[in-house]
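Numbering (UniProt numbering), first residue to last: 1 to 540.
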């Protein structure tokens, strides 16, 4: 927007105050001089003012850059300085994922895999150089895993500063840890034996996903489905006007509409849980080249399968340097679909709140709007919808990118895999927001009833259907003439029914119908949805 002199003058005080925080000597004075009107204007004055203003703004910009650089050097990581809101504002709601999706977690699971592989080698008769460990040695190695701390992870990061290789840093850390043990020190070079980094990484990522789902995500998903299922059963009997294309349609019940979401989400939850989380352990290009070079008579494919399955994973025998990530694509897309359904739920609830079908229980001290004191906004469902969108953006990229790798591997999957926690973290945050929103909902039966009372035209459907049964000619057309684009009342509907040539019993049943009672099997469907949810997930 262009400003004339009068606008500049009227805004002089505001502009001066705006720039005052930059602490540039004489800047307020210089800007005030620029913005104050002159008693004797000339053609050259606007040009001089513009040039002077540009010079002052440039000076302010330079000062701001210096200040930002100074601040950025001084800032240390905290919840307030985190770049991602998951690690900042929302940390308290997603921190349960940190033991499985953080950098610490990745390092921990790498350590676990390396230790378990050394233990496995000690059980292979052909590998005589690694004899069966004593109970003390096994306990020592297991203690490294069980007692792994953040300080241990930091020690590995310090080694990585030298190696510039994250997995090699884990190997060196373990060698240092085991130097003091007289038995393990003899076989230190069998840490990472015949492994490529991706043998370790793919199993670490698989275990991260498995534990994140089982320990953190599935319990919250199940609580969410249960909450919606409870809404379905509790509100099974509450009639509600349907809307198709945004227009009044045949009535349903509030509970039945919740039941739809409970069952849909249950199906996707089942699909997520049925994805086989896979692992490979076949060396640099998937052919056991190094293994067979060292021990040609050993059945390494069998040993690799035993090792992978011992970790609770499904073995993938046909791989290159990397596990193909097809299971990850399937998993992340299943979560994507679950999230998509939940977006649909969030938007519907948002709409029901806006129509007044739900009230929201208020909390003392909370503010809905900084300027409109009456507002109680559906922020939980909006927060959920927004985070589900971010989650699905990441999950979509993961599911389409990860199965693609140039030839026997490229490194693009490595940096992408570090964002698994981003997609799952925003998903978890959204699930908790929706749960919180559900906990605030209170049905407004009066408002639901009001809408039904104003829509007697929805009875056109059952009337014309009964007319068809008894051979009344042109039933659809007659109801269309009565209802389309016209105000329809209880009286006009009942007058129309009275004039029909129908059996007395049929006419009596039609006269009993109201928009409140014309809900079909909605009540029964809603009340049985809990059992349907259990059956979907194989629980009786």
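Glycine is no exception: its CB is placed at the ideal position from the N, C-alpha and C atoms.
Based on Cα-Cα distance, which residue from the options lies nearest to residue i?
i           : options            : result
residue 194 : 449, 533, 290      : 290
residue 112 : 182, 203, 74, 84   : 203
residue 530 : 265, 295, 401, 481 : 265
residue 361 : 355, 377, 347, 348 : 377
residue 284 : 496, 74, 292       : 292
residue 321 : 413, 159, 61, 534  : 413
residue 526 : 282, 296, 167, 234 : 234
residue 239 : 517, 199, 473, 189 : 517
residue 400 : 477, 329, 263      : 329
residue 542 : 187, 267, 165      : Residue 542 falls outside the range modelled here, since the chain spans only 1 to 540, and no answer is possible.
residue 359 : 437, 172, 295      : 437
residue 421 : 299, 160, 211      : 211
residue 385 : 196, 58, 432       : 432
residue 136 : 149, 125, 119      : 119
residue 96  : 131, 406, 427      : 427
residue 481 : 496, 253, 84       : 496
residue 250 : 522, 162, 191, 536 : 522
residue 357 : 167, 222, 241      : 241
Taking the alpha-carbon positions, what's the residue i to residue j distance?
i           : j           : result
residue 37  : residue 441 : Only weak support is given to the placement of residue 37: the predicted model assigns it a pLDDT of 46, under 50, and the value that follows is read from those uncertain coordinates. Residue 37 and residue 441: Cα-Cα distance of roughly 58 Å.
residue 98  : residue 350 : 31 Å
residue 147 : residue 244 : 58 Å
residue 255 : residue 510 : 25 Å
residue 29  : residue 48  : For residue 29, the predicted structure reports a pLDDT of 44, less than 50, and the residue's modelled location is therefore unreliable. A value from the coordinates is still provided. For residue 29 and residue 48, the distance between alpha carbons rounds to 16 Å.
residue 128 : residue 101 : 37 Å
residue 327 : residue 86  : 26 Å
residue 520 : residue 225 : 25 Å
residue 512 : residue 347 : 35 Å
residue 274 : residue 178 : 39 Å
residue 324 : residue 257 : 40 Å
residue 524 : residue 236 : 8 Å
residue 279 : residue 447 : 55 Å
residue 506 : residue 466 : 8 Å
residue 390 : residue 449 : 37 Å
residue 533 : residue 462 : 31 Å
residue 121 : residue 379 : 55 Å
residue 200 : residue 61  : 49 Å
residue 74  : residue 80  : 13 Å
residue 453 : residue 91  : 47 Å
residue 489 : residue 424 : 51 Å
residue 123 : residue 295 : 14 Å
residue 458 : residue 504 : 22 Å
residue 276 : residue 209 : 11 Å
residue 299 : residue 115 : 21 Å
residue 198 : residue 365 : 52 Å
residue 415 : residue 338 : 25 Å
residue 93  : residue 269 : 21 Å
residue 445 : residue 451 : 10 Å
residue 514 : residue 382 : 35 Å
residue 405 : residue 218 : 30 Å
residue 82  : residue 419 : 16 Å
residue 159 : residue 388 : 38 Å
Counting along the chain, where does the alpha helix (DSSP H) carrying residue i start and finish?
i           : result
residue 123 : No alpha helix (DSSP H) contains residue 123, which DSSP labels as neither H nor E.
residue 507 : 504-512
residue 393 : 379-401
residue 161 : 150-163
residue 293 : 289-294
residue 184 : No alpha helix (DSSP H) holds residue 184; DSSP gives it neither H nor E.
residue 201 : 197-211
residue 492 : 490-498
residue 412 : 412-417
residue 127 : Counting along the chain, residue 127 falls outside any alpha helix (DSSP H), and DSSP gives it neither H nor E.
residue 230 : 218-234
residue 534 : 529-536
residue 486 : Run containing residue 486: none; DSSP gives neither H nor E here.
residue 214 : Taken as a continuous stretch (DSSP letters only), residue 214 belongs to no alpha helix (DSSP H), as it is neither H nor E.
residue 352 : 326-354
residue 283 : Unbroken run through residue 283: none, as it is neither H nor E.
residue 460 : 460-469
Can you check DSSP and say which residues form a bridge with residue i?
i           : result
residue 239 : 253
residue 441 : 360
residue 278 : 314
residue 309 : In the DSSP output, where bridge partners are listed per residue, residue 309 has none listed.
residue 248 : 243
Taking CB distances under 7 Å as the criterion, tell me whether residue i reaches chain C.
i           : result
residue 311 : Checking the listed chains, one finds no chain C in this structure; it contains a single protein chain.
Three Cβ pairs or more, each shorter than 8 Å: is that satisfied between the segment 389-401 and the segment 322-333?
yes
Report yes or no: do three or more beta-carbon pairs, one from the segment 138-154 and one from the segment 100-108, lie closer than 8 Å?
yes
Do the segment 217-230 and the segment 305-323 touch if we need at least three Cβ pairs shorter than 8 Å?
no
Answer yes if the segment 294-305 comes into contact with the segment 176-186, meaning at least three C-beta pairs across the two stretches below 8 Å, and no otherwise.
no
Can we say the segment 132-148 touches the segment 197-211, given the rule of at least three CB pairs closer than 8 Å?
no
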